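Asks: This is the structure I want to talk about, given as structure tokens.
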DNA sequence: CCGAATTGCCTTACACCGTAAGGATAATCC
DNA sequence: GGATTATCCTTACGGTGTAAGGCAATTCGG
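Residue numbers (full-length UniProt numbering), protein chains in the order written: chain P, 1 to 220; chain W, 1 to 220.
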């Protein structure tokens, strides 16, 4: 049945891993089948025996990033668990700023990512939220995390660049409020801002749960 | 000096307008210089006399979308103003779901977009927040709005598709929590969720402003 | 009023992209 | 040891962004 002729140089995993490395070092636009093959010591078309298309490759990258989400200890404290998931998620954006847009843009609806979705949604459900409340709170938190990840990633990218920095471009002339604000939008400030916004959203989820308990004390 | 030989068929504005139409009808990936030229009855290279490169074109599209933000009446009520800006922003995502990712990914640091940034930041400042607080609140709200816009746009896109719908794909088998939640994540529910999250964030800004007033009652 | 200059659009060309089709090689099984 | 089959390669096609240069129409200087 499972004959295995010729020892393989390539696997799905090594391809995905190399693709992420390539994106991080050269940028998302520079991920081409030829460049990726080159990095793996292989011709472009060889990749197609392991991955059906570039679009599927992007899905696999998304899945690889999604499964990096760490859930921490299963404490039974939903707030700690959501905090852990959220920090783990933003950490992915910080470590893979150029790949993160894939994670933010694509849904968690592949077989590889659904288990992750399931675990996250379960935290909300165990916290006492009904399906509708779970959907709402999940979306709101997700909006925030994706936006934060994208912006932090873009900021990392922008501050790495040497060719253009808004601060000394002169563009800010005539925009005094922007001028006095940009310094506070720099990378070192963003983690504090992230934590602050995260607490705001978790507080609101806490309110929602309390409200649910009052109105439907015994249902789940 | 400014001789004007030959009446032009093309202007920057018509090019940008056509590009947005093309993206919305065919998708972001289908925006090519040749396709765009074709839509304008012109060869691809003719565009380059008006726009330096495709990247600049994307910047112009971003600026065009950004300037669609409506600020409503200048009431002096910061909360109403931020609500108006936020709703106007998500409206852009809903009307231009396939172009919106450009707006979410690119910064407001071109000459065309800076006036918009300035007006938005001014709302926070006039509300009584110092520069650092302005930066934080602006970012948090921005994270939320960008995430919401992206997800709503992606949802619109996904529900338009006929080839794949998660609900009847069978993928959800074995993921009961996801299964009972997806229905609540459908497009009709998203506007309610958006409003809810928006109020949460505006409430937190209100708290922040109040706190600022207490600690530094007379400074701006 | 006519040549010169300039602008707006076009033609051609190049390197790169994703990928369809089919070929060569080497490890395994019967 | 011959057939099978998984892996990788070669070639080729139509698409991409865009650099270089050409040509025609309009306006200006004389």
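Even glycine gets a Cβ: it sits at the ideal position worked out from N, Cα and C. Only a predicted model underlies this, so the values are computations on that prediction, with no experimental measurement involved.
Indicate whether the contact test is met: 3 or more Cβ pairs, each with one atom in the stretch 172-186 of chain W and one in the stretch 178-198 of chain P, closer than 8 Å.
Replies: For the pair of segments examined, the stretch 172-186 of chain W was found not to touch the stretch 178-198 of chain P: the number of CB pairs separated by less than 8 Å stays below three.
Asks: Under a CB-based cut-off of 8 Å, is residue 74 (chain P) close to chain W?
Replies: The residue labelled residue 74 (chain P) in the question sits at position 74 within the first chain. No, no contact with chain W.
Asks: Expressed to the nearest angstrom, what Euclidean distance is found between the alpha-carbon atoms of residue 31 (chain W) and residue 154 (chain W)?
Replies: To locate residue 31 (chain W), count along the second chain from 1; it is residue 31. To locate residue 154 (chain W), count along the second chain from 1; it is residue 154. Approximately 18 Å between the Cα atoms of the pair.
Asks: With burial defined as no fewer than 16 other Cβ atoms inside 10 Å of the residue's Cβ, what is the status of residue 75 (chain P): buried or exposed?
Replies: Counting from one through the first chain, the residue named residue 75 (chain P) turns up at place 75. Answer is exposed; the Cβ neighbour count stays below 16.
Asks: Between the Cα of residue 151 (chain W) and those of W:190, W:141, W:160, spot the shortest distance and give me the residue it belongs to.
Replies: Working through the second chain from its first residue, we reach residue 151 (chain W) at position 151. Ranking W:190, W:141, W:160 by Cα distance to residue 151 (chain W) puts W:190 first.
Asks: Can you give me the start and stop residues for the alpha helix (DSSP H) that residue 79 (chain W) sits inside?
Replies: Numbered from its first residue, the second chain carries residue 79 (chain W) at position 79. 78-95 is the span of the alpha helix (DSSP H), which, as asked, contains residue 79 (chain W).
Asks: Considering Cα atoms alone, identify which of P:120, P:123, P:15, P:141 is closest to residue 40 (chain P).
Replies: Translated into the one-based positions of the first chain, residue 40 (chain P) becomes position 40. The residue with the shortest Cα to Cα distance from residue 40 (chain P) is P:15.
Asks: Relative to the alpha-carbon of residue 73 (chain W), which residue among W:67, W:65, W:66, W:82 has its alpha-carbon at the smallest distance?
Replies: For the purposes of this step, residue 73 (chain W) is taken as the residue at position 73 of the second chain. Residue 73 (chain W) has its Cα closest to that of W:82, out of W:67, W:65, W:66, W:82.
Asks: Which residues in the same chain have their Cβ closer than 7 Å to the Cβ of residue 209 (chain W), if we skip the five residues on either side of it in sequence?
Replies: Within the second chain, numbered from 1, the residue matching residue 209 (chain W) stands at position 209. Contacts found: 127, 128, 129.
Asks: For residue 171 (chain W) and residue 118 (chain P), which I take to be in contact (beta-carbon distance under 8 Å), what is that distance rounded to the nearest angstrom?
Replies: Residue 171 (chain W) sits at position 171 when you count from the first residue of the second chain. Residue 118 (chain P) sits at position 118 when you count from the first residue of the first chain. Actually they are not in contact, since the Cβ atoms of residue 171 (chain W) and residue 118 (chain P) sit about 11 Å apart, beyond 8 Å.
Asks: Let me check understanding here. Comparing Cα to Cα, which of W:80, W:23, W:102 lies closest to residue 120 (chain W)?
Replies: Locating residue 120 (chain W) in the second chain gives position 120, where the first residue counts as 1. Looking at the Cα atoms, W:80 is the closest of the given residues.
Asks: Does residue 160 (chain W) pass the burial test, meaning 16 or more other C-beta atoms within 10 Å, or should it be called exposed?
Replies: By one-based count along the second chain, residue 160 (chain W) stands at place 160. Per the 10 Å Cβ criterion, exposed.
Asks: Mind checking which residues open and close the alpha helix (DSSP H) that includes residue 101 (chain W)?
Replies: Working through the second chain from its first residue, we reach residue 101 (chain W) at position 101. Counting along the chain, the alpha helix (DSSP H) containing residue 101 (chain W) begins and ends at 100-105.
Asks: When burial is assigned at 16 or more other CB atoms within 10 Å of the CB, is residue 241 (chain P) buried or exposed?
Replies: Examination of residue 241 (chain P) is not possible in this model, given that chain P is present from 1 through 220 alone.
Asks: Closest to residue 99 (chain P) by C-alpha separation, out of P:85, P:66, P:84, would be which residue?
Replies: If you number the first chain from 1, residue 99 (chain P) lands on position 99. Looking at the Cα atoms, P:66 is the closest of the given residues.
Asks: Ends of the alpha helix (DSSP H) at residue 174 (chain W)?
Replies: Sequence index remark: in the second chain, residue 174 (chain W) carries index 174 (1-based). Per DSSP, residue 174 (chain W) belongs to no alpha helix (DSSP H) and is neither H nor E.
Asks: Within 10 angstroms of its Cβ, does residue 2 (chain W) collect 16 or more other Cβ (buried), or is it exposed?
Replies: In the second chain, the residue the question calls residue 2 (chain W) occupies position 2. Because residue 2 (chain W) sits at a pLDDT of 43, beneath the cut-off of 50, its placement in the model cannot be relied upon, and the following sentence gives the value as read from the coordinates. Classification for residue 2 (chain W): exposed.
Asks: Identify the continuous alpha helix (DSSP H) that holds residue 200 (chain P) and give its terminal residues.
Replies: Position 200 of the first chain, counted from the start, is the residue given in the question as residue 200 (chain P). First-last of the alpha helix (DSSP H) with residue 200 (chain P): 187-215.
Asks: Step through the CB atoms of chain P and report whether any lies within less than 8 Å of the CB of residue 100 (chain W).
Replies: If you number the second chain from 1, residue 100 (chain W) lands on position 100. Chain P, which has no Cβ nearer than 8 Å to the Cβ of residue 100 (chain W), makes this no.
Asks: Assuming residue 156 (chain P) and residue 193 (chain W) form a contact by the criterion Cβ under 8 Å, report the distance between their Cβ atoms to the nearest whole angstrom.
Replies: Walking along the first chain from the start, residue 156 (chain P) turns up at place 156. Walking along the second chain from the start, residue 193 (chain W) turns up at place 193. Contact doesn't hold; Cβ gap of about 29 Å is too wide.
Asks: Sort W:173, W:35, W:101, W:49 by Cα distance to residue 148 (chain W) and report the nearest one.
Replies: Position 148 of the second chain, counting from 1, holds the residue named residue 148 (chain W). When only C-alpha atoms are compared, the closest one is W:101.
Asks: For a test of the three-state rule: what should DSSP assign to residue 167 (chain P), helix, strand or coil?
Replies: What you label residue 167 (chain P) is simply residue 167 of the first chain in a count that begins at 1. DSSP places residue 167 (chain P) in helix when its eight states are reduced to three.
Asks: Taking only beta-carbon positions, decide if residue 111 (chain P) is within less than 8 Å of chain W.
Replies: Working through the first chain from its first residue, we reach residue 111 (chain P) at position 111. Residue 111 (chain P) counts as touching chain W.
Asks: For the UniProt domain "HTH tetR-type" (9-69) of chain P, which residues have a CB atom closer than 8 Å to at least one CB atom of chain W, in sequence order?
Replies: Cβ contacts with chain W: none found.
Asks: How would you label residue 59 (chain W), buried or exposed, when you count the other beta carbons within 10 angstroms and need 16 or more for buried?
Replies: Here residue 59 (chain W) corresponds to residue number 59 of the second chain, with the count starting at 1. Its Cβ being crowded by 16 or more others within 10 Å, residue 59 (chain W) is buried.
Asks: Quick check: what's the CA-CA separation for residue 108 (chain W) versus residue 165 (chain W)?
Replies: Within the second chain, the letter at position 108 stands for residue 108 (chain W). Within the second chain, the letter at position 165 stands for residue 165 (chain W). Using only the alpha carbons, I get a separation of about 35 Å.
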